[in-house]
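This report concerns only the one structure given below.
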Amino acid sequence: MDTNEEMDLSVVVPLYNEEDSVTPLYLAIAGVLDTILGTSEMIFIDDGSRDATFSVAERLAANDPRLRVVKFRRNYGQTPAMAAGIDVARGRVVVTMDGDLQNDPRDIPNFIDKITEGYDIVVGWRFDRQDKLISRKIPSRVANWLIGKVTGVPIKDNGCSLKAFRADVIKHVPLYSEMHRFIPAMASIAAPRIAEIKVRHHARQFGQSKYGLSRVYKVLLDLLTIKTIAGFASRPLTWFAMLAAPFILLSMVMFISGIVAIMLGAESVLTMTASGLFFASLSLFLIFSGGLAELINRTGDTAVVKFPLLTAMEINPDEVRGASTNRRETPE
Amino acid sequence: MTNNTKVSAIVPASERYDNSGSLARDYLDALNETGREFELVFVLDGKHSDLADRLLELAANDRRLRIIQLAKGFGEATAVSAGIENTDGSIVLTLPAYHQIDSQEITKLLNELDTSDMAVAARWPRAAASRFEVVRRKAFHWLVNSVSGIAFSDLGCGARAFKRVVADEVPIYGDQHRFIPLLAVRRGFRVREVQVRQSEQDRLKKSYGPKIYLQRILDIFTVVFLVRFTKKPLRFFGMIGSVTFLLGAIFLVIVIIQRLFLDTPLADRPALLLSSLLVVLGLQIFALGLLGELIIFTHARDLKEYTIEKIVN
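Line by line, the protein sequences are chains X and V. Here the first sequence is numbered in the numbering used here, starting from 106 and rising by one per residue. Here the second sequence is numbered in the numbering used here, starting from 40 and rising by one per residue.
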């Protein structure tokens, strides 16, 4: 098969120590792909598993050219695994899902329908979640609320891996650290059309859950990073100048009060004026940082510049578009 | 792996090198004994005309000895890169440019590659000029270990054998040559440490100048930078920056409260100076972190975080 041939759908599944799940997962996805029109592929990413995950997947791939298996040299984590899968995907639509059988591949056709309707990102919502209440569901409720508030992209279930993307969009979203949870928020610079649909969710059959409460701290830090980056990435000079503004003001106040104090007969105002100087130099430093950031944005093929163009879409008066009037809302 | 795979042995002759030509002879003999096809490449990092003359004499008799002359001294890592660039063996072997290990141990190092991607020599048993020397070495490797989480016992030893794919995937430049094993582990390669006999000349070496100590401290910074900074700059800088900023802000609030309620004059207090300096510094560090994060953010798709061993289908 030509490795660069474009196809209609790629299903990306990161796997880490899932030797028991691989075969049933493959069968379930393959069953769904058989019912879908058009060309499709499955991409399993073995994220440096220590069990037989890779050999099982490799054996399956030998009999099915639709299955591609990517083997990592070591364990890198879920985000790099997703990123790798998306990088090698050839489909115009990319569907991502977990490898632990908790997502149901039978939901995939619904996602494709939504993408065909004109959405850029479709996220799943595990409305009937089969997990422990205290350690999983409640923290996730709180996290989703917080993520929605902070990023301004209200999604009920950020943690659900079952998502579908238009390949043009997802291939340009920066994916690093633990960012796979925030793809919609990361993509928000491009203002993608996001839909959320209900998906089935099963209790874990094999193996251990790989996540616990310990990730909360990382998630919070990543959240702050995204918030900041998304805020300033597209026009950094302005952003940094705004940051510098209060310090320019502060330094002026300190200078003037120093001068006034001298006039009123104060003996020494050295520290006051010196502090004023510090803040003046800080504001200069920040403005120059903004200039440097502009330079970074202009080097190479950067996401920030290209982003808004990805979701641009020609509106045609001849075409009847049922979804176009309320496309930005989250349908049920 | 068969014994026929070609070995490219690279000797970067930078600042410290043996100019007698006996080293090259030793290496040639030792490589001969391995029975593998090989080439021995001396990379002259700088003029080094004394060494060049000796090597040319030897090379006239043995074509497997090659000499690459760099236009000026670029540093050991660059010399290694130049060697890798100009050779084609599927196994790369870097060797120190002075008598550091017993050259008979090369076979042992190469054999280790049957089961791993990289074999790093560690001199053992190792002579030490003084007890202080031993402590310094221990402290250095302990620090590297605690920063990177990877334990090596002799990063100063230049003898390493690795498969060419390691060289292709691990960037080697600047002062990073010492940490190639560490970078290789982080890229997911299997790296093994092999104990080798120290050479007699190396055992007798006594003096270590203060320059060495400075260099080792800088090395630690390099490791911190490579390991902690490159993926999540805002986490690293943001942490330092916000602590500094918070300290300054707390001081500032205290002096302002003292001014307002306790009538301590504010205008000539050194504490004001200190606190505003901390605030300024904290924000500057934070701004640097933001710039770093922006670089990662805009180029995340090019700076791949992962390494793929293979793709099926």
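All C-beta atoms in this analysis are idealised placements derived from N, C-alpha and C, irrespective of residue type, glycine included.
Taking the alpha-carbon positions, what's the residue i to residue j distance?
i	j	result
Arg-298 of chain V	Phe-390 of chain X	29 Å
Asn-42 of chain V	Ala-178 of chain V	With a pLDDT of 48 at Asn-42 of chain V, under the threshold of 50, the modelled position of this residue cannot be trusted, and the question is left open.
Val-255 of chain X	Gly-396 of chain X	27 Å
Thr-378 of chain X	Phe-345 of chain X	24 Å
Asp-127 of chain V	Gly-85 of chain V	23 Å
Arg-241 of chain X	Lys-268 of chain X	20 Å
Asn-249 of chain X	Met-357 of chain X	43 Å
Arg-103 of chain V	Val-173 of chain V	38 Å
Ile-123 of chain V	Thr-158 of chain X	35 Å
Glu-283 of chain X	Leu-182 of chain V	27 Å
Phe-275 of chain V	Leu-329 of chain V	10 Å
Ala-292 of chain X	Gly-143 of chain X	27 Å
Ile-420 of chain X	Ile-299 of chain X	18 Å
Leu-5 of chain V	Glu-239 of chain V	Here chain V comprises residues numbered 40 to 352, so residue 5 of chain V is not present and cannot be evaluated.
Arg-179 of chain X	Ala-350 of chain X	47 Å
Val-46 of chain V	Pro-220 of chain V	19 Å
Glu-434 of chain X	Lys-411 of chain X	Because Glu-434 of chain X sits at a pLDDT of 42, beneath the cut-off of 50, its placement in the model cannot be relied upon, and the point is left open.
Val-263 of chain V	Asp-139 of chain X	50 Å
Leu-94 of chain V	Ser-88 of chain V	10 Å
Ser-386 of chain X	Leu-326 of chain X	29 Å
Tyr-252 of chain V	Leu-322 of chain V	32 Å
Thr-44 of chain V	Phe-260 of chain V	37 Å
Gly-277 of chain V	Phe-325 of chain V	5 Å
In chain order, what residues of the same chain lie with their CB nearer than 8 Å to the CB of residue i, ignoring the 5 residues before and after it?
i	result
Leu-342 of chain X	Ile-392, Gly-395, Gly-396, Ala-398 and Glu-399
Tyr-353 of chain V	There is simply no residue 353 of chain V to check, as chain V begins at 40 and stops at 352 in what is shown.
Tyr-66 of chain V	Ala-48, Val-50, Leu-79, Leu-134, Ser-142 and Ile-145
Glu-348 of chain V	Gly-227
Val-127 of chain X	Leu-120, Phe-149, Thr-158, Val-161, Ala-162, Leu-165 and Gly-204
Output needed for residue i: all residues of its chain with C-beta closer than 7 Å, excluding positions within five of it in sequence on either side, in chain order.
i	result
Pro-259 of chain X	Gly-253
Pro-119 of chain X	Ile-150, Asp-152, Gln-183, Ala-186, Met-187, Gly-190 and Gly-204
Val-318 of chain V	Phe-284, Gly-287, Ala-288 and Leu-291
Asp-236 of chain X	Lys-242
Leu-348 of chain X	Leu-391
Leu-224 of chain V	Residue identity differs from the one stated: residue 224 of chain V is Val in this sequence, not Leu. Closer than 7 Å at the Cβ level, and outside the excluded window around Val-224 of chain V, lie Ile-189 and Val-230.
So residue i packs on residue j, CB below 8 Å; how close in whole Å?
i	j	result
Met-112 of chain X	Glu-146 of chain X	6 Å
Leu-333 of chain V	Leu-265 of chain V	In fact, because the Cβ distance is near 20 Å, the residues do not count as touching under 8 Å.
Val-230 of chain V	Ser-155 of chain V	7 Å
Ala-160 of chain V	Ile-140 of chain V	6 Å
Ala-206 of chain V	Val-131 of chain V	5 Å
Ala-166 of chain X	Val-233 of chain V	Contact doesn't hold; Cβ gap of about 36 Å is too wide.
Phe-383 of chain X	Leu-311 of chain V	Going by Cβ atoms, the distance from Phe-383 of chain X to Leu-311 of chain V rounds to 10 Å, so no, they are not a contact pair.
Thr-404 of chain X	Leu-273 of chain V	Not confirmed; about 19 Å, so no contact.
Asn-58 of chain V	Leu-90 of chain V	5 Å
Thr-416 of chain X	Ala-295 of chain X	5 Å
Leu-97 of chain V	Arg-64 of chain V	7 Å
Apart from the five residues just before and just after residue i, which ones in its own chain have a Cβ nearer than 6 Å to its Cβ?
i	result
Gln-237 of chain V	Arg-162 and Arg-165
Asp-125 of chain X	Phe-311
Ala-366 of chain X	Val-374
Phe-268 of chain V	Phe-275
Gly-331 of chain V	Pro-272
Lys-219 of chain X	Val-227 and Ala-300
I want to see whether chain A comes within less than 9 Å of residue i, judged by CB atoms only; does it?
i	result
Ala-379 of chain X	This model lacks chain A altogether; the protein chains it does include are X and V.
| Three or more beta-carbon pairs under 8 Å between the segment 195-209 of chain X and the segment 260-274 of chain X, yes or no? | yes
| field | Cβ contact check for the segment 293-310 of chain X and the segment 237-244 of chain V: 3 or more pairs under 8 Å | value | no
| Enumerated in chain order, which unbroken segments of the alpha helix (DSSP H) with a length of 4 residues or greater are wholly contained in the segment 159-197 of chain X? | 183-193
| message | Closer than 8 Å is the cut-off here; do at least three beta carbon pairs connect the segment 327-344 of chain V with the segment 158-178 of chain X? | response | no
| field | Uninterrupted alpha helix (DSSP H) stretches inside the segment 338-412 of chain X (no shorter than 4 residues) | value | 341-368 and 375-403
| Completely contained beta strand (DSSP E) runs for the segment 213-294 of chain V, where each covers 3 or more residues | 230-235
| said: Would you call the segment 91-108 of chain V in contact with the segment 62-77 of chain V, where contact means no fewer than 3 C-beta pairs closer than 8 Å? | reply: yes
| Of all the beta strand (DSSP E) runs that stay within the bounds of the segment 222-290 of chain X, which reach a length of 3 or more residues? | 226-230 and 268-271
| message | Just to confirm the assignment: which complete alpha helix (DSSP H) runs, minimum length 4, are found wholly within the segment 136-204 of chain V? | response | 145-150 and 170-187
| field | Every unbroken beta strand (DSSP E) within the segment 58-133 of chain V, with a cutoff of 3 residues, ordered by chain | value | Listed in chain order, the complete beta strand (DSSP E) runs (minimum 3 residues) inside the segment 58-133 of chain V are 77-83, 104-108 and 130-133.
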